[in-house]
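Colleague:
Protein chains: 2
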Amino acid sequence: MPSSIRLVQFGLGPIGLGTARLVLSKAPALQLVGAIDVDPEKTGRDLAELFDLSESTGVVVSPDSDSVLREVRPDVVLHTTSSFLPNVAEQLERCLAAGANVVSSTEELAYPFARHPELTERLDHAAKAAGRVLLGTGVNPGFAMDTLALAATAPCAEVRAVHVERFVDAGKRRLPLQRKVGAGLSAAEFEAKAATGTFGHIGLVESLRILAAGLGWEVEAIKDRMEPVLAEDEVTTPFLTVQAGEVAGIHHRAEGIVGGKAVLTLDLKMYVGVEDARDAVLVDGDPPIDLVVRGGIFGDTATCALLVNMAPLVLEAKPGLRTMAEMPVPRAFGTAQSS
Amino acid sequence: MPSSIRLVQFGLGPIGLGTARLVLSKAPALQLVGAIDVDPEKTGRDLAELFDLSESTGVVVSPDSDSVLREVRPDVVLHTTSSFLPNVAEQLERCLAAGANVVSSTEELAYPFARHPELTERLDHAAKAAGRVLLGTGVNPGFAMDTLALAATAPCAEVRAVHVERFVDAGKRRLPLQRKVGAGLSAAEFEAKAATGTFGHIGLVESLRILAAGLGWEVEAIKDRMEPVLAEDEVTTPFLTVQAGEVAGIHHRAEGIVGGKAVLTLDLKMYVGVEDARDAVLVDGDPPIDLVVRGGIFGDTATCALLVNMAPLVLEAKPGLRTMAEMPVPRAFGTAQSS
């Protein structure tokens, strides 16, 4: 591993801004050498302005990814522009062609083989040709409902089923996430949005597939259902108020079927007012495993952290499109006590 | 990965017998092709006899490791003969020289760099020369207090400290483990045994070092203290009875110090009558992580499982002496729903 890893931040939405800021906080182990975004509110500005810092970061936001990548030749690009692979495939190819490894928050990239086989092959080929690694990760998909669940099976001689829960109080998260889960919509508005297929949590089926592939289980069918959760009483967050009867958020459930049975279940509840917030993995196995992260893993910070924490690990991984199940055990990087 | 992995079991104590039996249960994905032990009660006998199976396994226990290894050329040796690296270094070298990868339960091998630097170098060299992987693992060290704790930090932007607990009711474990923790000894007998340095749980400091190395933390000192836990009341297990005032087991604690503070603490309680059995990882970080495996991870099964589950992963790893922190996310192999 180089003594300092040079990174470019590609995409400066809420997650990208968080990631860029985290990279800056981890200097000199990490060095932010470029930032890309097309938003005219951001281009041409020093990141210091966006973060309200008193000193220049030396990094000016550019809309021209090709120039930035060619100029600074980063070791790793942290990519955070869209949830959907077809929207970002060209961006990813550009990064790889410039000789960069890529860690991306694109949810569909976490396990793209089933949903986008041709794109996946193209990207895997591009990564291998460049001798670089392309990885999709984040807290979910990428960790809470897949990597952590997979690791929970490591001490098991036998596994018959794995049940994963993630219950998130959306009221404690940023506004875009509250909007993403539909907080404050009427049931009818929710239905209309849900029908677009780009609404709610993206990546639950990807998590299920990471888990299945990691266990070597061939699921014969996947059932995937998202429903609105309606507020029973009025709920107020720092950003909005949900009236009783309005949508508080989502309940999204995916089931992986083998032999007619739901042997993998992923249960995601994200709504304002969730009371039993937690991440849990229940392995029906020998021995059984009953793992709980009490209070849950706070998602906004965690997604930024996972993107940054995987950067040193992709540098050592085998070139190609990789999933979290192929990567070394993930861990925090560049923290307080680091030498 | 080959369609069937050929394994030899080296060492047929309680863990080795469990491991061999688990390998047999995972045919045809795993194929047991040899078994080595010097115990005259076992040599020359078909494993079927030791397991009370009605059909021959085709595997006869041999005391001659060289012949077995040369003859069957296994992909992986599962090695379970001793906790201490100097006792097993030659056995491990013999396996590597025969072209086998090795997954070993030798506790000191889980992170041997600090305690046995010269032996480590010799073994790493031997593994690289053979193009094979040598890995020390098990439930503890190897998973509960190190790999799992490391993974728990993955969603953290900042980590200030990690506190790990493993509380085990030794009364629910096999007799050798109850003896290992001193159940039924007087306090004086315990002291005498503890002074030998080969008594109690081996590997707590190794777990701490895996965690520190994984986080990139350089600990300036490690404090390591094992104390007897005395029974307050009489406790009876299926194997023995501990009178009030006798030793019920151990409390073993290791602390990793950075900047004068215990930023890594590993707290292991193993005694008959533990009531709050659990594995827990508390990350003082951003976000904080409060992970608990309720009831704990049942150790006897789990150590066998981890040895077997890592076998397919060492086949894909970079040659050399590896630690769990360098391996892919561990997961169960060859389970019920596998294709």
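Respectively, the protein sequence lines represent chains A and B.
Per my numbering, residue 1 is the first one in the first sequence, and the count goes up by one each step.
Per my numbering, residue 1001 is the first one in the second sequence, and the count goes up by one each step.
Beta carbons are placed, not taken as given, at the ideal position from N, Cα and C, and that holds for glycine.
This one's a predicted model, so the numbers in the text were calculated from it and none came from an experiment.
1) Going by the beta-carbon positions, is the gap between valine 159 (chain A) and threonine 1301 (chain B) smaller than 8 Å?
2) Is the beta carbon of leucine 1264 (chain B) sitting closer than 8 Å to the one on alanine 1130 (chain B)?
3) Leaving out the 5 sequence neighbours to the left and right, which residues in its chain are closer than 7 Å to alanine 317 (chain A) when beta-carbon positions are compared?
4) According to DSSP, simplified to helix, strand and coil, what is glycine 976 (chain B)?
5) Can you confirm whether valine 1205 (chain B), when its beta carbon is compared against all beta carbons of chain A, has any partner nearer than 8 Å?
6) Straight-line CA distance for glycine 320 (chain A) to lysine 128 (chain A)?
7) Just the Cα atoms here: how many angstroms apart are leucine 1135 (chain B) and leucine 50 (chain A)?
8) Is it buried or exposed for glycine 1197 (chain B), if we count other Cβ within 10 angstroms and need 16 for buried?
9) Could you name the residues of the same chain whose beta carbon sits closer than 6 Å to that of leucine 1313 (chain B), not counting the 5 residues immediately before and after it, in chain order?
10) Could you tell me whether any Cβ in chain A is nearer than 8 Å to the Cβ of valine 1314 (chain B)?
11) Give the single residue among B:Ala1154, B:Lys1193 and B:Arg1173 whose Cα lies nearest to the Cα of glycine 1214 (chain B).
12) Expressed to the nearest angstrom, what Euclidean distance is found between the alpha-carbon atoms of valine 1281 (chain B) and glutamate 1165 (chain B)?
13) Below 8 Å between beta carbons: does that hold for valine 274 (chain A) and aspartate 169 (chain A)?
14) Taking only beta-carbon positions, decide if proline 328 (chain A) is within less than 8 Å of chain B.
15) Considering only the beta carbon of each residue, do isoleucine 202 (chain A) and serine 83 (chain A) sit closer than 8 Å?
16) My output table needs one value for asparagine 140 (chain A): the three-state DSSP class, helix, strand or coil.
17) For the beta strand (DSSP E) that isoleucine 15 (chain A) lies in, which residues bound it at each end?
18) Give the secondary structure of aspartate 300 (chain A) by DSSP, where H, G and I count as helix, E and B as strand, and everything else as coil.
19) What residues from chain A crowd round glutamate 1255 (chain B), counting only those whose CB sits closer than 7 Å?
20) Considering only residues of the same chain and omitting the five flanking positions on each side of glutamate 232 (chain A), which have a CB-CB separation below 8 Å?
21) Run down chain E in chain order and give the residues with a C-beta less than 7 Å from the C-beta of valine 1258 (chain B).
22) Please report whether the beta-carbon of alanine 157 (chain A) lies at a distance below 8 Å from any beta-carbon of chain B.
23) Could you round the C-beta distance between valine 292 (chain A) and valine 1292 (chain B) to whole angstroms and report it? I think they count as a contact, below 8 Å.
24) For histidine 1252 (chain B), name the three-state secondary structure that DSSP assigns.
25) So with CB distances below 7 Å, who are the chain B contacts of aspartate 286 (chain A)?
26) Can you tell me which residues form a DSSP beta bridge with valine 242 (chain A)?
27) Use the C-beta contact count for asparagine 140 (chain A): other C-beta atoms within 10 angstroms, 16 or more gives buried, fewer gives exposed.
28) Answer yes or no: does any C-beta atom of chain B fall closer than 8 Å to that of glycine 44 (chain A)?
29) Given 8 Å as the limit, is there contact between the segment 68 to 83 of chain A and the segment 34 to 42 of chain A, that is, 3 or more CB pairs closer than that?
30) So, for isoleucine 250 (chain A): in the same chain, excluding its five sequence neighbours on each side, which residues have a beta-carbon less than 6 Å away from its beta-carbon?
31) Looking at the C-beta of alanine 151 (chain A), does it have a partner C-beta in chain B at a distance below 8 Å?
32) Rank A:Val235, A:Leu315 and A:Phe143 by C-alpha distance to the C-alpha of phenylalanine 298 (chain A) and give the top, closest one.
33) What does threonine 1147 (chain B) touch in chain A if you count any residue whose Cβ is under 9 Å from its own?
34) Under a CB-based cut-off of 8 Å, is aspartate 1124 (chain B) close to chain A?
35) Taking its Cβ as the centre, do 16 or more other Cβ atoms sit within 10 Å of glutamate 90 (chain A), making it buried, or is it exposed?
36) Determine, for glycine 197 (chain A), whether the minimum Cβ-Cβ distance to residues of chain B falls below 8 Å.
Modeller: Inspection of the coordinates gives the following:
1) Here the question's residue 159 (chain A) lines up with position 159 in the first sequence. Here the question's residue 1301 (chain B) lines up with position 301 in the second sequence. Going by C-beta atoms, valine 159 (chain A) is not nearer than 8 Å to threonine 1301 (chain B).
2) Indexing the second sequence from 1 puts residue 1264 (chain B) at position 264. Indexing the second sequence from 1 puts residue 1130 (chain B) at position 130. Result no, Cβ atoms of leucine 1264 (chain B) and alanine 1130 (chain B) do not sit closer than 8 Å.
3) As a first step, residue 317 (chain A) must be located in the first sequence, where it is residue number 317. If you ignore the 5 residues before and after alanine 317 (chain A), its C-beta comes within less than 7 Å of the C-beta of Val133 and Met327, all in its own chain and listed in chain order.
4) In the structure displayed, chain B extends from 1001 to 1339; residue 976 (chain B) sits before or after that span and is not available.
5) As a position in the second sequence, residue 1205 (chain B) is number 205, starting the count at 1. Cβ-Cβ to chain A under 8 Å: no for valine 1205 (chain B).
6) As a working mapping, residue 320 (chain A) is identified with position 320 in the first sequence. As a working mapping, residue 128 (chain A) is identified with position 128 in the first sequence. Going by the C-alpha atoms only, they are around 5 Å apart.
7) Taking the first residue of the second sequence as 1, we reach residue 1135 (chain B) at position 135. Taking the first residue of the first sequence as 1, we reach residue 50 (chain A) at position 50. Cα to Cα, leucine 1135 (chain B) sits roughly 47 Å from leucine 50 (chain A).
8) Looking up residue 1197 (chain B) in the second sequence gives position 197. Exposed: under 16 other Cβ atoms inside 10 Å.
9) Locating residue 1313 (chain B) in the second sequence gives position 313, counting from the first residue. Listed in chain order, the non-local C-beta contacts of leucine 1313 (chain B) below 6 Å within the same chain comprise Met1327 and Pro1328, local neighbours out to five positions each way being set aside.
10) For the purposes of this step, residue 1314 (chain B) is taken as the residue at position 314 of the second sequence. For valine 1314 (chain B), the closest Cβ of chain A is not nearer than 8 Å.
11) Counting from 1 along the second sequence, the entry for residue 1214 (chain B) is found at position 214. The alpha carbon of glycine 1214 (chain B) has as its nearest neighbour, out of B:Ala1154, B:Lys1193 and B:Arg1173, the alpha carbon of B:Ala1154.
12) Here residue 1281 (chain B) is taken as the residue at index 281 of the second sequence, counted from 1. Here residue 1165 (chain B) is taken as the residue at index 165 of the second sequence, counted from 1. So the two alpha carbons sit approximately 6 Å from each other.
13) The residue labelled residue 274 (chain A) in the question sits at position 274 within the first sequence. The residue labelled residue 169 (chain A) in the question sits at position 169 within the first sequence. Less than 8 Å separates the beta-carbon of valine 274 (chain A) from that of aspartate 169 (chain A).
14) Counting from one through the first sequence, the residue named residue 328 (chain A) turns up at place 328. Judged by the 8 Å Cβ criterion, proline 328 (chain A) is in contact with chain B.
15) Taking the first residue of the first sequence as position 1, residue 202 (chain A) is located at position 202. Taking the first residue of the first sequence as position 1, residue 83 (chain A) is located at position 83. Closer than 8 Å, so yes.
16) The residue labelled residue 140 (chain A) in the question sits at position 140 within the first sequence. Reduced to three states, the DSSP call for asparagine 140 (chain A) is coil.
17) Numbered from its first residue, the first sequence carries residue 15 (chain A) at position 15. First-last for isoleucine 15 (chain A): 14 to 25, but that is the alpha helix (DSSP H), not the beta strand (DSSP E).
18) Position 300 of the first sequence, counted from the start, is the residue given in the question as residue 300 (chain A). Aspartate 300 (chain A): helix per DSSP, three-state reduction.
19) The sequence position of residue 1255 (chain B) within the second sequence is 255, counting from 1. In chain order: nothing, as chain A lies at least about 13 Å away.
20) Here residue 232 (chain A) refers to the residue found at position 232 of the first sequence. Counting only Cβ-Cβ distances below 8 Å, and skipping sequence neighbours, we find Ala244.
21) No chain E is present in this structure, whose protein chains are A and B.
22) The residue labelled residue 157 (chain A) in the question sits at position 157 within the first sequence. Alanine 157 (chain A) counts as touching chain B.
23) Looking up residue 292 (chain A) in the first sequence gives position 292. Looking up residue 1292 (chain B) in the second sequence gives position 292. Indeed they touch by this definition, with Cβ atoms about 5 Å apart.
24) For this step, residue 1252 (chain B) is matched to residue 252 along the second sequence. Strand.
25) Numbered from its first residue, the first sequence carries residue 286 (chain A) at position 286. Ordered by position in chain B, the residues that pass the 7 Å Cβ test against aspartate 286 (chain A) are Thr1301.
26) To locate residue 242 (chain A), count along the first sequence from 1; it is residue 242. According to DSSP, valine 242 (chain A) shares a beta bridge with A:Val235.
27) Here the question's residue 140 (chain A) lines up with position 140 in the first sequence. Its Cβ being crowded by 16 or more others within 10 Å, asparagine 140 (chain A) is buried.
28) For this step, residue 44 (chain A) is matched to residue 44 along the first sequence. Not one chain B Cβ lies under 8 Å of glycine 44 (chain A).
29) yes
30) For the purposes of this step, residue 250 (chain A) is identified with residue 250 of the first sequence, where counting begins at 1. Around isoleucine 250 (chain A): Val181, Gly200, Met226 and Met270.
31) In the first sequence, residue 151 (chain A) corresponds to position 151, counting from 1. Alanine 151 (chain A) counts as touching chain B.
32) Taking the first residue of the first sequence as position 1, residue 298 (chain A) is located at position 298. Measuring from the Cα of phenylalanine 298 (chain A), the nearest candidate turns out to be A:Phe143.
33) Taking the second sequence and counting its residues from 1, one reaches residue 1147 (chain B) at position 147. The answer, in chain order, is Ala151, Ala154 and Val329.
34) Taking the first residue of the second sequence as 1, we reach residue 1124 (chain B) at position 124. No, aspartate 1124 (chain B) lies away from the interface with chain A (no Cβ there is under 8 Å from its Cβ).
35) In the first sequence, counting from the first residue as 1, residue 90 (chain A) sits at position 90. Its Cβ having fewer than 16 others within 10 Å, glutamate 90 (chain A) is exposed.
36) What you label residue 197 (chain A) is simply residue 197 of the first sequence in a count that begins at 1. With 8 Å as the cut-off, glycine 197 (chain A) does not count as an interface residue toward chain B.
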